[in-house]
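Beneath this line is the structure, given in structure tokens, with notes to follow.
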Amino acid sequence: MKFFIDTANIDEIRQAADIGVLDGVTTNPSLISKEKGKFEDIIRQICEIVDGPISAEVVATDAEGMVAEGRKLSEIHKNIVVKVPCTVDGLKATKKLSSDGIGVNMTLVFSPSQALLAAKAGAMFVSPFVGRLDDISHYGMQLVEQIVSIYNNYDYDTEVLVASVRNPLHLVDAAMMGAHVATMPFKVIEALVKHPLTDIGLKKFLEDWEKVKGR
Ligand code: E4P
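If you count by numbering that gives the first Met the number 0, then the sequence shown holds residues 0 to 214, one letter each, in order.
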């Protein structure tokens, strides 16, 4: 399973990359708006830190504009994946960009039918937003289960990228369902490693080792 970090914050990306388990990065206009500097410069910097798919999102809403923006973004670095929203124009743009060899991450996906269309249009990744579904009393992870099963039925190459992850259980459920990727905020990556019994156990081992040291 691939782990992506869901942020445009360079410090967080560096810290996550240092752990050695980071496979890629996802950004969106809201995440970019929290950081200083030009969009293209932030994306360029991210590409220098992480050698894996880096999602950068278009803001045009018409297919032609999305394709033009997507092409420009893809020129920043070979690892750029163009993030396109799941709309009719988004599907047209996905078809065009994908057939030109540019990777697309179809974003803002909230239903299995949208995910099926994303795969048919040739998206490299599909991003179901599980946290935002949970927020409105829908089971976000149920959507992931449906998408994984539909893609398996037809052997689609599109990878399921679980997005809007809010806690470690989203990640564990996604892994059990066979999702290819999960993108997580830095605080969720930190939470994955934490266990109180690990901390208690380590403290005790070190205390006991003190008794051995003087021998
Ligand atoms: C990632 O690709 C998405 O943009 C992101 O996971 C959305 O997360 P949020 O619902 O926490 O904003």
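For glycine and all other residues, C-beta sits at the position ideal for the given N, C-alpha and C. Source: prediction; values computed, not measured.
query: Ser136 Cβ short of 6 Å to ligand 1 heavy atom set; result: no
query: Where the alpha helix (DSSP H) containing Phe124 begins and where it ends; result: Segment 124–127 is the beta strand (DSSP E) holding Phe124; no alpha helix (DSSP H) there.
query: Residue from Gln14, Ile146, Ala178 with nearest C-alpha to Glu189; result: Gln14
query: Any non-hydrogen atom of ligand 1 closer than 6 Å to Ala162 Cβ; result: yes
query: Continuous alpha helix (DSSP H) stretch holding Phe38: start and end; result: 38–48
query: Rounded distance between the beta-carbons of Ile101 and Ser126, thought under 8 Å; result: Rounded, the Cβ-Cβ distance is 17 Å, inconsistent with contact.
query: Proximity of Ala67 and Ile31 at Cβ, strictly below 7 Å; result: no
query: Member of Val180, Gly69, Val20, Ala162 whose CA lies at the smallest distance from the CA of Arg131; result: Ala162
query: Val81 beta carbon less than 7 Å from that of Gly69; result: yes
query: Which of helix, strand or coil DSSP assigns to Ile94; result: Inspection of the sequence shows that residue 94 is occupied by Lys rather than by Ile. If DSSP states are grouped into helix, strand and coil, Lys94 belongs with the helices.
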